[in-house]
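Numbering (UniProt numbering), first residue to last: 1 to 314.
Where a beta carbon is used, it is the ideal one built from N, C-alpha and C, also for glycine.
Just so you know, these numbers come straight off a predicted model, no measurement behind them.
Here is the structure we will look at.
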Amino acid sequence: MKRVHVAAAVIRDDSGKILIARRADTQHQGGLWEFPGGKVEADESVQTALARELHEELGIVVGAARPLIKVRHDYPDKQVLLDVWEVSSFTGEPHGAEGQPLAWVSAKELTSYEFPAANQPIVAAARLPAEYLITPEDLEAPALLRGIQKAIAGGIKLIQLRAPNGYDPKYRDLAVDAVGLCAGKAQLMIKGPFEWLGDFPSAGWHITSAQLRKYAAAGRPLPAERWLAASCHNAEELALAEQMGVDFVTLSPVQPTLTHPDAQPLGWEQASTLIEGFSKPVFLLGGVGPAEREKAWNAGAQGVAGIRAFWPEA
């Protein structure tokens, strides 16, 4: 079965709302919502196909666009490769040129709409930022909480509260305070034993590669509405993350780091190859920061994660 190559777009307006369209009942996956786009013809680049499809479907001309995510999905009757780009500027007034209903929705509201299965990783990518802050582990609680507050004020939207070790009561107390600081402003990802899951209902969970290896076969430990992420370092762990049904991963180390000086870095080329075979959002980690964000996008990643590169100065 030949894989159908589709160019699709997460189109944002000036307020950050995202444009979605409803598929005609007669189409494959009819009646469900989707991100606008269409088939890439044999002689077209993805950018050309995207520009053509968005002009035909919506009557708009693309201004600025960048790669967001590639998703491979196998339906019983069809195999697709969704080549998704984020469109941040366009001219023209979007309208359903082919009679399709449209809706502008916030990133948060996307989960209230029914999308085809292949679109679920795109929904996650559209809701996630391009930067993922991981807190340092050598700070006392007051300094750590001040740093989180400052990072949120500086625009950070996704924060992992790094855990030095398993069942640490100090970490648990810190997590309670961090949840309060992040409420309504940023998504907090906690690390820790699954026994704590019920105690932090607003937090997502970032599992270690050891937890991934231990629990992947048991499936997803969280309901779909809570974020689940995993630390991955190779193709085997990415496959386990897929099996567990995580929403996103960190892939590391891309480059040498002070935190793990002995770890063999993947390098950009290998990181890009690993991302190519994985259909979920990936944050690259290890020796990267805001300056590498665009390079990460071009490698197929959601963005970059880090400790020192994102931690605000005191």
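{"Item": "So is residue 189 buried or exposed if we call it buried at 16+ other beta carbons inside 10 Å?", "Value": "buried"}
{"Item": "Between which two residues does the beta strand (DSSP E) carrying residue 132 extend?", "Value": "131-134"}
{"Item": "How is residue 198 classed by DSSP in three states: helix, strand or coil?", "Value": "helix"}
{"Item": "Give the DSSP bridge partners of residue 7, in chain order.", "Value": "38 and 83"}
{"Item": "Rounded to the nearest angstrom, what separates residue 276 and residue 70 at their Cα positions?", "Value": "7 Å"}
{"Item": "Does the distance from the C-beta atom of residue 120 to that of residue 22 stay below 7 Å?", "Value": "no"}
{"Item": "Rounded to the nearest angstrom, how far is the Cβ of residue 126 from that of residue 60, given a contact under 8 Å?", "Value": "No, residue 126 and residue 60 are not in contact; Cβ-Cβ is about 18 Å, not under 8 Å."}
{"Item": "Which residues mark the beginning and the end of the alpha helix (DSSP H) in which residue 285 is found?", "Value": "Taken as a continuous stretch (DSSP letters only), residue 285 belongs to no alpha helix (DSSP H), being part of the beta strand (DSSP E) at 282-285."}
{"Item": "Taking the alpha-carbon of residue 56 as reference, which of 36, 74 and 136 has the nearest alpha-carbon?", "Value": "36"}
{"Item": "Where does residue 139 sit, in a helix, a strand or coil, going by DSSP?", "Value": "coil"}
{"Item": "Report the rounded CA-to-CA distance for residue 315 versus residue 302, giving the unit in angstroms.", "Value": "Not covered by the structure: residue 315. The range shown for the chain is 1 to 314."}
{"Item": "Tell me whether residue 297 sits in a helix, a strand or coil according to DSSP, three-state version.", "Value": "helix"}
{"Item": "Could you work out which residue in 140, 284, 32 and 11 is closest to residue 91 when comparing CA atoms only?", "Value": "11"}
{"Item": "Name the residue from 284, 262, 187 and 278 whose alpha carbon lies nearest to the alpha carbon of residue 268.", "Value": "284"}
{"Item": "May I ask you to verify whether the segment 2-9 touches the segment 76-92, counting CB pairs closer than 8 Å and requiring at least 3?", "Value": "yes"}
{"Item": "Closest to residue 98 by CA distance: which of 262, 27, 243 and 163 is it?", "Value": "27"}
{"Item": "Taking residue 145 and residue 173 to be in contact with their CB atoms under 8 Å, please state how far apart those CB atoms are, rounded to whole angstroms.", "Value": "About 11 Å; that fails the 8 Å criterion."}
{"Item": "Do residue 299 and residue 279 have their beta-carbon atoms positioned less than 7 Å apart in this structure?", "Value": "no"}
{"Item": "What's the gap between the Cα of residue 113 and the Cα of residue 168?", "Value": "39 Å"}
{"Item": "Let me check understanding here. Comparing Cα to Cα, which of 205, 287 and 54 lies closest to residue 179?", "Value": "205"}
{"Item": "Using three-state DSSP, classify residue 257 as helix, strand or coil.", "Value": "coil"}
{"Item": "Can you give the Cα-Cα distance for residue 217 and residue 211, rounded to whole angstroms?", "Value": "11 Å"}
{"Item": "Pop quiz: residue 310 and residue 133 are said to be a contact at Cβ under 8 Å. What is the actual Cβ separation, rounded to whole angstroms?", "Value": "4 Å"}
{"Item": "Helix, strand or coil: how does DSSP classify residue 231 here?", "Value": "strand"}
{"Item": "Of all the options 195, 196 and 149, which has the alpha carbon lying nearest to the alpha carbon of residue 181?", "Value": "149"}
{"Item": "DSSP on residue 188, reduced to helix/strand/coil?", "Value": "strand"}
{"Item": "Suppose you measure from the CA of residue 249 to the CA of residue 54; what does that come to, to the nearest Å?", "Value": "30 Å"}
{"Item": "For residue 51, collect the residues of the same chain with a Cβ closer than 6 Å to its Cβ; drop the 5 residues on either side in sequence, then sort them by chain order.", "Value": "62"}
{"Item": "Is it true that the CB of residue 136 sits closer than 7 Å to the CB of residue 307?", "Value": "yes"}
{"Item": "Buried or exposed, going by whether 16 or more other CB atoms sit within 10 Å of the CB of residue 247?", "Value": "buried"}
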